[in-house]
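Working notes for the structure below.
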Amino acid sequence: MQKIRRVAVLGGGITGLSAAFYLGKLARERGETIEVTVIEGSERLGGRINTLSRDGFVIERGPDSFLARKLPMIELARELGLEGELTGTNPAAKKTYIALNGKLHPMPEGMTLGVPTDADMFMKTELVSEEGKQRAFEELDIPPDWREGDESVGAFLERRMGREMVERIYEPLLAGIHAGDLYRLGLQATFPQFKAMVRAHGSLIKGTRDSQRIAKAKAEAQANAAVSSGKTDNPLPASVFMTFRNGLSSVIEALESHLRADGCHIRMGAQVEYLERTFEEMPESKGAYRLHLSDDTAIESDEVIFTLPAYATAELLAEHTDVTALTNVRYVSVANVVLAYDETGFNHTLDGSGFLVPQGEHRHITASTWTSSKWLHTAPQGKRMIRCYVGNAKDEKGVELSDAVLAGVVQRDLYDLMGLTAIPEFVEITRLRHSMPQYPVGHVEATASFREELSKRLPGVLVTGAAFEGVGLPDCVAKGKQAAEAVLAKA
Numbered sequence: 001m002q003k004i005r006r007v008a009v010l011g012g013g014i015t016g017l018s019a020a021f022y023l024g025k026l027a028r029e030r031g032e033t034i035e036v037t038v039i040e041g042s043e044r045l046g047g048r049i050n051t052l053s054r055d056g057f058v059i060e061r062g063p064d065s066f067l068a069r070k071l072p073m074i075e076l077a078r079e080l081g082l083e084g085e086l087t088g089t090n091p092a093a094k095k096t097y098i099a100l101n102g103k104l105h106p107m108p109e110g111m112t113l114g115v116p117t118d119a120d121m122f123m124k125t126e127l128v129s130e131e132g133k134q135r136a137f138e139e140l141d142i143p144p145d146w147r148e149g150d151e152s153v154g155a156f157l158e159r160r161m162g163r164e165m166v167e168r169i170y171e172p173l174l175a176g177i178h179a180g181d182l183y184r185l186g187l188q189a190t191f192p193q194f195k196a197m198v199r200a201h202g203s204l205i206k207g208t209r210d211s212q213r214i215a216k217a218k219a220e221a222q223a224n225a226a227v228s229s230g231k232t233d234n235p236l237p238a239s240v241f242m243t244f245r246n247g248l249s250s251v252i253e254a255l256e257s258h259l260r261a262d263g264c265h266i267r268m269g270a271q272v273e274y275l276e277r278t279f280e281e282m283p284e285s286k287g288a289y290r291l292h293l294s295d296d297t298a299i300e301s302d303e304v305i306f307t308l309p310a311y312a313t314a315e316l317l318a319e320h321t322d323v324t325a326l327t328n329v330r331y332v333s334v335a336n337v338v339l340a341y342d343e344t345g346f347n348h349t350l351d352g353s354g355f356l357v358p359q360g361e362h363r364h365i366t367a368s369t370w371t372s373s374k375w376l377h378t379a380p381q382g383k384r385m386i387r388c389y390v391g392n393a394k395d396e397k398g399v400e401l402s403d404a405v406l407a408g409v410v411q412r413d414l415y416d417l418m419g420l421t422a423i424p425e426f427v428e429i430t431r432l433r434h435s436m437p438q439y440p441v442g443h444v445e446a447t448a449s450f451r452e453e454l455s456k457r458l459p460g461v462l463v464t465g466a467a468f469e470g471v472g473l474p475d476c477v478a479k480g481k482q483a484a485e486a487v488l489a490k491a
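Next up, the structure:
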């Protein structure tokens with residue numbers, strides 16, 4: 001009689017649900033029987049993914065999209081039957097602004113992750129001084145740096161592109177992804193492609209130019225192949241970012257539906273208080289664990305996949321192994337402030353996707369998405385929607401302002417930067433406390449050592465998710481699938 005393997009997945013966010021989904025799918029393909037239990041401490045699934053439908057608006061209270069070039073999310077959508085729900089950004093809203101001295105300036109064309117590739121367009125911008133522009137293009141002549149080991153993103157970019165570029169371009173653009181401090185974020189864990197590009201091409205600018213040419217040629221080849229084959233009705237939008245027409249919660253709802261239909265047990269509202277090894281008392285089932293929950297119940301499991309924040313994982317594993325690699329990951333709190341308007345009296349054209357705010361501008365807003373312009377499905381006809389972000393690694397105080405005060409200071413920033421005087425019909429505020437992991441210098445090496453030691457001390461216990469690598473949704477899906485594959489690969 002075949003033994004039924006029991007796997008507990010801790011955390012009901014996108015990583016945990018993906019791990020559970022692929023555990024079931026891959027086990028069936030292998031002809032194996034597996035019993036999966038997802039344990040979520042809160043009363044809802046999805047983690048930071050949280051879509052609100054209100055008065056015809058599609059409001060994302062957490063992340064609003066994912067990078068289309070990272071395929072795991074698209075592949076998951078196909079497997080869940082959601083491919084037809086995918087949608088891209090408005091092609092007419094390509095312009096992005098950056099604030100400088102209280103004024104919004106368009107980001108120069110030809111930039112990829114802040115790297116300027118079009119010298120003529122870059123030299124026209126007012127975002128960087130003439131000296132700063134010249135310093136940036138001196139990067140073409142700076143020899144590749146072959147030093148080993150990790151360093152901060154800020155130190156690397158300042159050495160290559162100059163301090164002014166870091167402060168005015170890279171900090172609002174790159175730090176905004178992590179709500180972090182570039183001089184504390186580790187390069188290897190956040191933007192390893194930068195160092196790889198310098199080593200391969202001799203320069204960030206050269207490498208970015210080559211990558212742009214390759215991407216353009218690939219897109220043209222794919223288009224020509226589609227025309228030649230007569231298959232020109234590709235349902236996927238040509239967009240850098242994608243989401244779902246009814247919001248990102250669509251994928252969470254589909255995952256939950258599939259999991260329940262497949263017999264997966266989903267426990268919500270009870271947290272794991274401690275993990276107990278039981279394979280000493282049952283040596284014939286090496287790798288067995290007992291998870292004690294806050295509702296005074298316990299779950300027996302052969303393998304455990306942790307997809308929790310680093311601090312929560314550290315608390316549960318501290319008595320079993322050194323968790324320094326986890327406690328070194330700081331978490332930053334942020335807030336999303338969504339403002340909905342009627343077009344009557346709305347005195348801005350929203351001629352782009354939004355704007356970024358360098359920390360030197362001393363604003364509450366760190367960035368703003370002109371949501372109804374960037375994503376055409378998010379607002380009813382005749383309405384407008386703007387989403388603003390508050391809080392970063394250097395200043396989290398704004399997150400804890402009262403709703404009335406926070407809404408007020410955000411509207412003041414919108415008036416100062418956009419001249420917007422319209423009064424919103426409603427404001428939705430979401431505080432995401434301790435939600436943004438800050439990968440320190442040396443994070444990749446430290447977590448690799450942690451995982452190696454964990455596998456020795458607690459065989460069958462795996463850790464994955466945004467706490468370890470990649471905060472993007474496709475990264476989380478990929479890591480969930482990899483964890484499922486790792487569990488099933490064990491004899």
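Reminder that position 198 of the sequence shown reads as 198 in our numbering, one-by-one numbering, no gaps.
Built from N, CA and C at the ideal position, the CB exists for glycine as well.
Because the structure is a prediction, the values reported are computed rather than measured.
Nearest to residue i by alpha carbon, out of the options?
i      : options                           : result
THR243 : ASP64, MET385, HIS443 and LEU308  : ASP64
GLY472 : ARG277, LEU454, ILE177 and PRO424 : ILE177
MET268 : ARG387, ARG213, GLU256 and GLY360 : GLU256
SER294 : HIS320, ARG209 and TYR274         : TYR274
LEU140 : ARG163, LEU104, GLY207 and ALA238 : GLY207
TRP375 : ALA77, GLY11, GLU300 and LYS94    : LYS94
GLY102 : LEU414, LYS456 and ASP296         : LEU414
ASP475 : GLU75, VAL405 and LEU401          : GLU75
ALA340 : MET436, THR278 and THR369         : THR369
GLN271 : HIS292, ALA254 and LEU350         : HIS292
LEU417 : ASN347, SER18, GLU453 and LYS456  : ASN347
ASN336 : ALA99, ARG433, GLY11 and GLY47    : ARG433
HIS265 : GLU35, ARG5 and GLY398            : GLU35
ALA318 : GLN193, LEU454 and ALA217         : LEU454
THR112 : GLY460, GLU43, PHE191 and LEU488  : PHE191
Could you check what DSSP says for residue i in three-state terms: helix, strand or coil?
i      : result
PRO116 : strand
PHE58  : The identity of residue 58 in the sequence shown is Val, whereas the question assumes Phe. Looking at VAL58 - three-state DSSP - the assignment turns out to be strand.
ALA422 : coil
PHE468 : coil
ALA393 : coil
GLU29  : helix
HIS443 : helix
SER285 : Here the model assigns SER285 a pLDDT of 47, short of 50, so the residue's position is not dependable, and the following value carries that caveat. Residue state, collapsed to three classes: helix.
LYS133 : helix
VAL128 : coil
VAL323 : coil
ILE4   : coil
GLY102 : coil
GLY11  : coil
THR371 : helix
VAL487 : helix
SER455 : helix
PRO380 : coil
TYR16  : According to the sequence shown, residue 16 is Gly rather than Tyr. Helix.
TYR492 : The shown model of the chain, from 1 to 491, leaves out residue 492, and the question about it has no answer.
Does the Cβ-Cβ distance between residue i and residue j come in under 8 Å?
i      : j      : result
GLY247 : THR51  : yes
ALA486 : LEU458 : no
TYR389 : ILE365 : yes
ASP302 : VAL7   : yes
LYS124 : PHE156 : no
ALA484 : LEU174 : no
TYR97  : PRO106 : yes
ILE492 : SER239 : Limits of the chain in this structure are 1 at one end and 491 at the other, which puts residue 492 out of reach.
THR15  : ALA466 : yes
VAL334 : GLN438 : no
GLU343 : ARG384 : yes
VAL9   : ILE299 : no
ARG245 : GLU85  : yes
With a threshold of 8 Å between beta carbons, is residue i in contact with chain C?
i      : result
GLU469 : Among the chains of the structure shown, chain C does not appear; only one protein chain is present.
At which residue ranges does the region 190 to 277 contain complete alpha helix (DSSP H) runs of 4 or more residues, listed in the order of the chain? Listed in chain order, the complete alpha helix (DSSP H) runs (minimum 4 residues) inside the region 190 to 277 are 192 to 201, 204 to 229 and 249 to 261.
Quick check on the DSSP output: what are the complete beta strand (DSSP E) runs of length 3 or more inside the region 334 to 366, in order along the chain? If we require 3 residues or more, the beta strand (DSSP E) runs fully inside the region 334 to 366 come out as 354 to 356.
Taking three-plus beta-carbon pairs below 8 Å as touching, is the region 382 to 395 in contact with the region 180 to 188? Contact holds: three or more Cβ-Cβ distances are below 8 Å.
Using 8 Å as the threshold, is the region 358 to 368 in touch with the region 158 to 176, meaning 3 or more CB pairs across them? Here the region 358 to 368 lies against the region 158 to 176, with 3 or more beta-carbon pairs under 8 Å apart.
Okay, do the region 199 to 216 and the region 138 to 145 touch, 3+ Cβ pairs below 8 Å being the bar? A contact exists between the region 199 to 216 and the region 138 to 145.
Please specify which runs of the alpha helix (DSSP H), each continuous and at least 4 residues long, are wholly inside the region 60 to 92, giving them in chain order. Counting whole runs of 4 or more residues, the region 60 to 92 contains the alpha helix (DSSP H) stretches 72 to 79.
Is there contact between the region 378 to 385 and the region 103 to 123, where contact requires at least three CB pairs shorter than 8 Å? No, because fewer than three Cβ pairs between the region 378 to 385 and the region 103 to 123 fall closer than 8 Å, the two stretches do not touch.
Counting pairs of Cβ atoms below 8 Å between the region 304 to 317 and the region 408 to 425, do you hit three or more? Too few Cβ pairs lie closer than 8 Å, so no.
Could you say if the region 9 to 28 and the region 323 to 331 meet the contact criterion of at least three C-beta pairs nearer than 8 Å? Verdict: no, contact absent.
Uninterrupted alpha helix (DSSP H) stretches inside the region 283 to 318 (no shorter than 4 residues): Listed in chain order, they are 310 to 317.
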